[in-house]
Every structure is written in C-alpha cells, then in structure tokens.
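Trainee: For the protein sequence lines, the chains are A and B, in the order given. What the first sequence shows, in my numbering, is residues -8 to 173, in sequence order. What the second sequence shows, in my numbering, is residues 86 to 607, in sequence order. Note that CB positions come from ideal geometry on N, CA and C, so glycine has one too. These figures come from a predicted structure and were not determined experimentally. Just passing along the structure, written as structure tokens.
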Amino acid sequence: MREIDRRSKYDRRVFLKGAAATAPAVAIATSTGLGITDAWAEDAKTLTPATMKTLLKMARDIYPHDFLGDSYYIAAVTPWDGKAAKDPAVKTLIVDGVARLDQEANDRHKMPYVQVAWENDRVALLQKIEASAFFQQVRGDLIVSLYNNKEVWPRFGYEGSSAEHGGYIKRGFADIDWLSKV
Amino acid sequence: MAKFDLNDSGVVVIVGSGAGGGTLGNELAQKGVKVVILEAGPRIENQDFINDEWDSFSQLAWSDMRTTSGSWRVAHDFPSIPAWIVKAVGGSTVHWAGASLRFDEHEFKIKSAYGGIPGANLIDWPITLAEMEPWYAKAEDKMGVTRTNGIPGLPGNNNFKVMEAGARKLGYKEVHTGRMAINSEPRDGRGSCQQIGFCFQGCKSGAKWSTLYSEIPKGEATGNLEVRPGSMVIKIEHDPSGKVTGVVYADATGAMQRQKARVVAVAGNSIESPRLLLNSASSMFPDGLANSSGQVGRNYMRHMTGSVYATFEKSVHMYRGTTMAGIIRDEARNDPKRGFVGGYEMETLSLGLPFMAAFLNPGAWGRSFTSAMEGYPRMAGMWLVGEDMPQETNRITLDPKIKDKFGMAVASVHFDDHPNDVAMRDHAYRQGAAVYEAVGATVTYPTPPYPSTHNMGTNRMSEKPRDGVCNKFGQTHDIKNLFISDGSQFTSGAACNPTLTIVSLAIRQADHIAGAMQRKEI
Chain A
-8 MREIDRRSKY DRRVFLKGAA ATAPAVAIAT STGLGITDAW AEDAKTLTPA TMKTLLKMAR
52 DIYPHDFLGD SYYIAAVTPW DGKAAKDPAV KTLIVDGVAR LDQEANDRHK MPYVQVAWEN
112 DRVALLQKIE ASAFFQQVRG DLIVSLYNNK EVWPRFGYEG SSAEHGGYIK RGFADIDWLS
172 KV
Chain B
86 MAKFDLNDSG VVVIVGSGAG GGTLGNELAQ KGVKVVILEA GPRIENQDFI NDEWDSFSQL
146 AWSDMRTTSG SWRVAHDFPS IPAWIVKAVG GSTVHWAGAS LRFDEHEFKI KSAYGGIPGA
206 NLIDWPITLA EMEPWYAKAE DKMGVTRTNG IPGLPGNNNF KVMEAGARKL GYKEVHTGRM
266 AINSEPRDGR GSCQQIGFCF QGCKSGAKWS TLYSEIPKGE ATGNLEVRPG SMVIKIEHDP
326 SGKVTGVVYA DATGAMQRQK ARVVAVAGNS IESPRLLLNS ASSMFPDGLA NSSGQVGRNY
386 MRHMTGSVYA TFEKSVHMYR GTTMAGIIRD EARNDPKRGF VGGYEMETLS LGLPFMAAFL
446 NPGAWGRSFT SAMEGYPRMA GMWLVGEDMP QETNRITLDP KIKDKFGMAV ASVHFDDHPN
506 DVAMRDHAYR QGAAVYEAVG ATVTYPTPPY PSTHNMGTNR MSEKPRDGVC NKFGQTHDIK
566 NLFISDGSQF TSGAACNPTL TIVSLAIRQA DHIAGAMQRK EI
C-alpha cells in the first residue's frame, strides 16, 4: 500500500509564511531559532497574553493530539484576538469565559486553569462550563480552525485535493494488501 | 441558446435545475416545448469545483437561513442547516454520490405491504413498479448506470474491499460496486471515473452524471431551453379561474421579475418546493397553492440514515476513489421479523478529515474523540440508508418570524424519528459494526445522521385528492397546470437513494406534459 509521509510536506519556508498570516509572533520566534515562546501571546492586541495562553491550553485539552506541536493550536486560537478587536461582544465572551474558567480552577485547585497540572483535572473544569456559549463557540471554532488546516492533514494521513494529481486511479485507490482473500 | 420574453405566456417555467427540474427541462425541450428554468443558485462549471470540503461547501451548499425543530439530532447540532443540498445549476446532482437503484415492488405500495403502522401516514403510490419499469430503463440509459445496459461496474476501492470482505464473512450475498451513474468507461461524451474521491464536492472530471453538464446543455442545444441562474422564485401567481399564470422571481441583481407561463413545474427540492407553494397563498388559496388536502409540507422524509466508521490495525485510506464505492443490499428487503418494516442499504462512504471532524460525533470533544480522529487513515466507512416512515407531523412550515432578504418567510423543518426508524437504525448500526468486526476492526463508531441529503415527500402523490398534493403524473390535484417535479412528490421513500426515481418520474412527466399541451388540456 502507498502510505502517507506523516512529516509535514510543506517546506519550512512555506510553513512559516502560512503561519505568519495568522500568528506572526510564531514565525518570528521560530525563524530566529528561539523555538516557540510566549511571544505569540505577547503579540495579541485586544486580548491579554494570559487570555491567549488560556485559549491555547483549552484548545489542547478540548482536542488533544499529542503528535501535534503547539504551533497548530496557536494558529487555531490566534484569530480570536482579531475577532475580539472587531466585535466587543466577542471580547466580552472570551474575557468573561476565561474569567469563569479561572474561577472554577481557583475554587477547586487554588490556581488558574493553565497551571492545573493534570489534563484530567482541567477537563473536569471544562466540563463545568461545557454548556456555556464561551465553551461552545471556542469548541465549534476549533473543529474548523484545527482540522481544516491543510498543514495538519498529512499528520492525520489525509491527502487533500486529488484532481490535480489525476485522482487516485494510479495512486493507490485499490492497493489494500492485508485483507484475506474472500 | 434560447432567450424567452418575460411576457411569453407559452413557456413552461420550471423552478429548479436538479435531478427533477434539469431532466424535465431537457426532455420537454427535446419534444419542442419552450422551457425557462429558474435556478436560485449560480452556474458553476465542473472545472471550477473545489477538492476541499469546507471551501466546496461555501461554493455549492444551500446555506440560506432555515429553522429546525423536533427531536432529531440535526436540529440540535446544525439548527440552521437541516439539509445538505446544493444551490447551483444542476442542484443536488452536482454533489450526489451517483447511486442509482430502482424501488422494489412493495415500496410503491407500503400501505398494502406494511398495513397500519401507528403514527405513520401510509398510502400506496398511485403507480406501480410495472408502470415505472420502462421509465426506469430510459433513466438508466440516459444516466449511464453501471450494471445496466451492458455497462460494467466500477472497480472497487480500498473502502469497498474492506466492506466486501466483511460482508462475505457475514454471509451477505448481494455485495458489489453498485449501480452507479458514474462512467466506468467513456460514454455520452464524458470520460471514465478517475477515482478522484470528491464526489460530494462536484465531479471535476464529469464522469458522474449531473444535469449541469449532461441534461441542460443538451436541452439548450435545441434552442427551446433557457436557464436563468441566480433566479429565486418567491411566488407563483394564478388567475381568477385558479390556473397558474406565471411566477415572480428575484433575478441575479435582486430585482423582481414576473415570468408568464403556460405551465409551472416546481422542482426546488422537498424543503423549498412546499415553501414556495405555502408562500404563494392568495385569497383564493389561503392555505397555499395546491393545498386543499392540507398535505403540502407534510410527510417530510429524509431516510433512516446513520453511518458506521471502523478503525483497523492497518491503513485503509477510505477517501481514495469513489465516495460511494459499493453496496450491500441484503438488508433492503421487507422482513418485519427484524423488528421493523421496510429495509435499508449499506453503502460505502468516506469523509475527508475536515468533515470527519465535523460529523463523526457533533459536539464531542476530549480524548475519546481525538483518539477516533487519529485512526483516520485506518478507517473504513459505510452509510446506512433505509426507508423512514412518512408522518404528518414531520413537516415543512413557514417560519412565523424569520424572513429571507426578499421578505418571504423561511422554511422551518420539523422532524422526529418514528419508532420504526429507530429500530431500523439500531439494527443497521449492529450489522454495520458486525461487517467490520468480521475483518478485524478494533473499534467501530455508530455515527449519527448528517444534515439531510435525501429530502422527500412534502408534496406527495396520491390516488385521492384528499390524501396528497399531486396525481400519478405529479400534476397537482387542485391546479391542472401546476406540477410537482422533484422528490417532494414521493409518496414514500423506499430503502434506496432517490435520484433514479426522480429522474424516471421527470422523463415520464415530460411525456405527460407535452401530450397534455398538444391536446390543449393545459
């Protein structure tokens, strides 16, 4: 069978260019060889860095894929800063939602959400706010912003658009080799 | 290409250009009848289709506001998207999978076959399989359906091979790569399937039959057919005698136009067609056009649907090749011993990663969900499609509050599963899981119904005018020059995919309309 190369098929320059559109700080931090630091969060204009970091942790806890680095989740949550800048209602939704999540964390663990060490404990906090508009909007947005990122697809073994490659008629549409003969 | 005057009262106006409207338009044009098709969506040719699920959804899907209610999960998860259908020339033949199956004999007479089912509003069709057979044959030839007319079946892809192996182990007998309106060899000026794998996003190679590039250009070539894209019909008008005289529509610029007509045929699908009839209420027809029975909008059917995805130890890559690549038909029979009447088909289906995330278990999150997503390349999948019970209370109504940009009430879709639908789905989930477990699935996912792709029954055919909206030719009982030409005329839904029956009925209806016009009956 023709297997998919799970390494990113995008060269580094293309990846950084793509990331730059949504998360310039990531690009800067990465291209300067510093690795991903908190710079991406410091770059937020409307929401606070602490709020951005809470959104990142939430994103990882809602859709945890341990083989994905933070950059994919950062790309998924960073647009909230721009949306909050455009719409005060969005800003309120995010700020109040994060405040409530931190309140739940403080009540139970005496620390903010991002500092709660175990995922299971954080998930229990998310379950408390699961019905809120804040949680539902962040989750609903992630379903698209995380899984519709073309750079994520090869990591999940999905090849995307195929017509320009002539479809799969010569690229393994029927190459399964492990079924016993029927 | 024809261009007809707005005041030309000799034309047949068809609302919608999909399986029903597009076929009817071409068939009438071939017979020398002048036709104007008003299509709400744009004309997008197949080279412009996009191999990307969300981008394609934005390009093609009907996303105008609708509202929902009822206990079906779609109303909770996708409250403004009850149906996944297309707003473009070609209608849902742009995104359909291509499965082209005939109804069984009993499926035209479910009242006789199933008896009284509490809560279900069953009647027999006013036509039989024997009457439909010649029209089915014409449709299969027109569409180039595999395994008919000497056309070979399509090759099976990986997803099919997994399902087939499991089906054989379970002892299922009728298992093959389907009767598909997808060319397995060049035919009718179109090439053969390249196994691209984005059937739902519009077939870029044109191997799959669609009214967009098979029926409509042929009709246009006669000089008798004009298609006007971007034309949203908002009202059908009538004269004091009760005959329809034409339609009012918003053109591509949003300006209101009035197209006169000798005959109006409604083919806007089972949500928009009843909406249009209801929105066309007048002092003479206060409950909407063709609605003396009160059945307009009622008996909405969407098929018992669901999916089973299964993850294996090794790769499958189900997304490679034809989306609906094969079928198990053994459960399509009517065998009430299983605990329900009617039957269902099991048909391979695949979603790309973005839609798998959206539809596998809408609203789910956490490691159980992400573990399933990480199995994506090792997944096989099937869609379960079976007959659902027509119920009077499953219904399209006009939303009491929400209007579209032209000030017309939007459609509100109410749906509750019938206990028979639930029993059938549970059976289908078990059998689907068993198919995959027989060949080593490590986990199976009973996946809830997607927004409806098979929309049927809201203007149904009936022998007696009090039981339905139209007669056996789709002619409304109340208004003789008003026709229903889409899946909304279905009296019942059968187990199989509806398109072949819609096309067959459209060919038959064209014969009837042309004859009646010639005889000056309409």
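(1) Distance cutoff 8 Å, beta carbons only. Does A:L7 sit that close to anything in chain B?
(2) Might you give, ordered along the chain, the residues of its own chain that have their beta carbon closer than 8 Å to the beta carbon of B:N446, omitting 5 neighbours on each side?
(3) Taking 8 Å as the cut-off, decide whether the C-beta atoms of B:M386 and B:M602 are in contact.
(4) Between B:I481, B:A250 and B:S497, which has its C-alpha nearest B:I487's C-alpha?
(5) With 16 as the cutoff for other CB atoms within 10 Å, does B:G448 come out buried or exposed?
(6) Taking C-beta pairs closer than 7 Å, name the residues in chain B that A:R130 reaches, listed in chain order.
(7) Quick check on B:C555: does DSSP put it in helix, strand or coil?
(8) From B:L109, B:S547, B:V588 and B:L590, pick the residue whose C-alpha is nearest to that of B:L310; which is it?
(9) Within 8 Å of any Cβ in chain B, is that where the Cβ of A:A32 sits?
(10) Measuring only the C-alpha atoms, how far is B:A595 from A:Y149?
(11) Reducing DSSP to helix, strand and coil, say where B:Y334 ends up.
(12) Going by alpha carbons, who is nearest to B:D484 out of B:I412, B:E357 and B:I321?
(13) Below 9 Å on C-beta distance, what does B:T58 contact in chain A?
(14) Using a threshold of 8 Å, state whether the C-beta atoms of B:A659 and B:V118 are closer than that.
(15) What residue does the beta strand (DSSP E) around B:K320 start on, and which one ends it?
(16) I need the DSSP call for B:L363, collapsed to helix, strand or coil.
(17) At a CB-CB cut-off below 8 Å, which residues of chain A make contact with B:H388?
(18) In angstroms with no decimal places, state the Cα-to-Cα distance between A:S22 and B:Y404.
(19) Can we say the stretch 579 to 586 of chain B touches the stretch 185 to 193 of chain B, given the rule of at least three CB pairs closer than 8 Å?
(20) Kindly give me the distance between the Cβ atoms of B:A205 and B:P475, rounded to whole angstroms, as I take these residues to be in contact under 8 Å.
(21) How should A:N97 be labelled, buried or exposed, when 16 other C-beta atoms within 10 angstroms of its C-beta is the threshold for buried?
(22) Would you mind telling me which residues of chain A sit closer than 7 Å to B:I99, beta carbon to beta carbon, in chain order?
(23) Report the start-end ranges of each alpha helix (DSSP H) in the stretch 43 to 115 of chain A that is 4 residues or longer and not cut off at the edges.
(24) Can you confirm whether A:G158, when its beta carbon is compared against all beta carbons of chain B, has any partner nearer than 8 Å?
(25) Which full runs of the alpha helix (DSSP H) of 4+ residues lie inside the stretch 129 to 188 of chain B, going along the chain?
(26) Say the cut is 7 Å; is the CB of B:P447 nearer than that to a heavy atom of the ligand NAD?
(27) Using the Cα positions of B:V246 and A:A165, report the straight-line distance between them to the nearest angstrom.
(28) Excluding the 5 residues preceding and the 5 following B:S277 in the sequence, name in chain order all residues of the same chain whose CB lies nearer than 7 Å to its CB.
(29) Using a Cβ-Cβ cut-off of 8 Å, state whether A:G163 counts as contacting chain B.
(30) Rounded to a whole number of angstroms, what is the C-alpha to C-alpha distance between A:V68 and A:I134?
(31) Restricting to Cα atoms, I'd like to know which of A:Q128, A:R113, A:S152 and A:D112 is closest to A:K82.
(32) Does chain B have any CB closer than 8 Å to the CB of A:A66?
(33) If I'm right that A:K36 touches A:D72 with Cβ under 8 Å, what's the distance once you round it to whole angstroms?
(34) Should A:F58 be labelled buried (16 or more other beta-carbon atoms within 10 Å of its own) or exposed?
(35) Could you tell me the alpha carbon to alpha carbon distance between B:R452 and A:R51, rounded to whole angstroms?
(36) Using a threshold of 8 Å, state whether the C-beta atoms of B:R545 and B:N384 are closer than that.
Mentor: The structure says:
(1) Confidence at A:L7 is low in this model, with a pLDDT of 43, below 50, so the placement of that residue should be treated as unreliable; the coordinate-derived value is given next. Chain B contact via Cβ: absent.
(2) F454, A457, Y530, T532 and P533
(3) no
(4) B:S497
(5) exposed
(6) W450
(7) strand
(8) B:L109
(9) no
(10) 45 Å
(11) strand
(12) B:E357
(13) The question about residue 58 of chain B has no answer here: the residues shown for chain B are numbered 86 through 607.
(14) For chain B, the structure presents residues 86 to 607; residue 659 of chain B sits outside this window and is missing.
(15) M317 to H323
(16) helix
(17) Neighbours of B:H388 on chain A: none; closest Cβ ~25 Å, over 8 Å.
(18) Because the pLDDT at A:S22 is just 45, under 50, the model does not fix this residue reliably, and the value given afterwards should be weighed accordingly. Taking the straight line joining both Cα atoms gives about 35 Å.
(19) yes
(20) 6 Å
(21) exposed
(22) The premise fails here: B:I99 is roughly 31 Å from chain A at the closest Cβ pair, so nothing lies under 7 Å.
(23) 61 to 68, 70 to 77 and 79 to 100
(24) yes
(25) 138 to 145 and 158 to 162
(26) The model on display carries no ligand, and the ligand NAD is accordingly not part of it.
(27) Before going on, a small fix: residue 246 of chain B reads as Lys here, not Val. Rounded to the nearest angstrom, the two C-alpha atoms are 8 Å apart.
(28) N268, S269, E270, P271 and A292
(29) yes
(30) 11 Å
(31) A:Q128
(32) no
(33) 6 Å
(34) exposed
(35) 10 Å
(36) yes
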